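Asker:
2 protein chains.
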Amino acid sequence: MVYYREQPIDQTFFALAHPVRRAVLERLAEGDRTVADVSAGLGESPSQMTKHLQILERAALLTRHKVGRFHQLHFEPKPLEDAMDWIIRHRQFWESKFDALEAYLHDLSEGK
Amino acid sequence: MVYYREQPIDQTFFALAHPVRRAVLERLAEGDRTVADVSAGLGESPSQMTKHLQILERAALLTRHKVGRFHQLHFEPKPLEDAMDWIIRHRQFWESKFDALEAYLHDLSEGK
DNA sequence: GCCATAATACACCAAATGGTGTACTATAGA
DNA sequence: TCTATAGTACACCATTTGGTGTATTATGGC
Numbered sequence: 000m001v002y003y004r005e006q007p008i009d010q011t012f013f014a015l016a017h018p019v020r021r022a023v024l025e026r027l028a029e030g031d032r033t034v035a036d037v038s039a040g041l042g043e044s045p046s047q048m049t050k051h052l053q054i055l056e057r058a059a060l061l062t063r064h065k066v067g068r069f070h071q072l073h074f075e076p077k078p079l080e081d082a083m084d085w086i087i088r089h090r091q092f093w094e095s096k097f098d099a100l101e102a103y104l105h106d107l108s109e110g111k
Numbered sequence: 000m001v002y003y004r005e006q007p008i009d010q011t012f013f014a015l016a017h018p019v020r021r022a023v024l025e026r027l028a029e030g031d032r033t034v035a036d037v038s039a040g041l042g043e044s045p046s047q048m049t050k051h052l053q054i055l056e057r058a059a060l061l062t063r064h065k066v067g068r069f070h071q072l073h074f075e076p077k078p079l080e081d082a083m084d085w086i087i088r089h090r091q092f093w094e095s096k097f098d099a100l101e102a103y104l105h106d107l108s109e110g111k
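Chains as they are written, first to last, in numbering that gives the first Met the number 0: chain A, 0 to 111; chain B, 0 to 111.
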């Protein structure tokens, strides 16, 4: 039975809350990779990588299809869109971001 | 000693991974509120709300200043900007989303 | 069949989270 | 001062996570 993080967006935000899992997504955003490929240089044990990948899979941020011994991992952007939608819906936040953009454009137009 | 979630953005994404904490932020985005105000109707015990608020505070998503017995909670958008920046940096994702965002901004500017 | 490799499964542990209940601190108001 | 209220602190528990090491499954190449 699953007790915590019942909503899909809970899973999404939680999956993003670890630097190794974000690094995996960054690599997958460039194209499909095997488990060994996305693991390279991250300093994680194979067992721990399996767990990270399961958390990303549970969040529907990646899917996989097996080719022989290899698992080809595929990035799925949909949950990320939903996460971003939640953030964007905070208009007060968005407006403060808009002001910064406006100021940037203003400075740009004055050649600063 | 703190073992997990050392990076600020880890704290941010983790803080967003619970529906009650997101509900608190949604209320605070409308203006400063007391603890009782943001807790109303969420079905959480006072103790648990204290913990949720500490997680949001640790993520720098809220600050507080005390007025008599009341804690005025204040929404801080900066970590949310950083979280959004991380998502945006995934160009593959961003391109698929760009059209929708553009339409959203257009609607916003027309007061819809 | 035999061996190497890709990846997961399982057992184990420390630490953090989600949640409850009770006690405590601080302040407002009568 | 007495009492009610706002909010936190603390103790306690089950579950999950982060992490390690070892075993197992599956496939490919010889």
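No residue lacks a Cβ here, since even glycine has one placed at the ideal position from N, Cα and C.
Remember, predicted model here, so these are calculated numbers, not experimental data.
Count the other C-beta atoms from every protein chain shown that fall within 10 angstroms of the C-beta of B:Ala16, then say buried if there are 16 or more, exposed otherwise.
Answerer: Result: buried.
Asker: Going by alpha carbons, who is nearest to A:Leu61 out of A:His51, A:Phe74, A:Arg68?
Answerer: Of the candidates A:His51, A:Phe74, A:Arg68, the one whose C-alpha sits nearest the C-alpha of A:Leu61 is A:Phe74.
Asker: Leaving out five residues before and five after B:Lys111 in sequence, what residues of the same chain have Cβ atoms less than 7 Å from its Cβ?
Answerer: Any reading at B:Lys111 needs caution, since the residue's pLDDT is 48, under 50, leaving its predicted position unreliable; the model's value is listed next. None.
Asker: Excluding the 5 residues flanking B:Gln71 on each side, which residues of the same chain have their C-beta closer than 8 Å to its C-beta?
Answerer: The residues are Asp31, Arg32, Thr33, Arg63, His64, Lys65.
Asker: Under the rule that 16 or more other beta-carbon atoms within 10 Å means buried, what is A:Thr11, buried or exposed?
Answerer: Buried: at least 16 other Cβ atoms inside 10 Å.
Asker: Excluding the 5 residues preceding and the 5 following B:Arg26 in the sequence, name in chain order all residues of the same chain whose CB lies nearer than 6 Å to its CB.
Answerer: So the list reads Arg32, Val37, once near-sequence residues are dropped.
Asker: Let me check one thing: in DSSP terms, what residues is B:Leu61 bridge-paired to?
Answerer: Per DSSP, B:Phe74.
Asker: At the 8 Å Cβ level, is B:Tyr54 part of the contact set with chain A, yes or no?
Answerer: Going by the sequence as given, residue 54 of chain B is Ile instead of Tyr. Not one chain A Cβ lies under 8 Å of B:Ile54.
Asker: Mapping DSSP to helix, strand and coil, what is A:Lys111?
Answerer: For A:Lys111, the pLDDT reaches just 47, beneath the cut-off of 50, and the residue's location in the model is therefore unreliable, although a value from the coordinates is still provided. It is coil, neither helix nor strand.
Asker: Against chain A, does B:Met83 count as a neighbour if the rule is that its beta carbon must be under 8 Å from one of theirs?
Answerer: True, the Cβ-Cβ gap to chain A drops below 8 Å.
Asker: Could you pull out every residue in the same chain whose Cβ sits closer than 8 Å to the Cβ of B:Pro18, ignoring the five residues on either side in sequence?
Answerer: Result list for B:Pro18: empty, nothing under 8 Å.
Asker: Taking 8 Å as the CB-CB cut-off, is A:Lys4 touching chain B?
Answerer: It is worth fixing the name first, because residue 4 of chain A is Arg in this sequence and not Lys. Cβ-Cβ to chain B under 8 Å: yes for A:Arg4.
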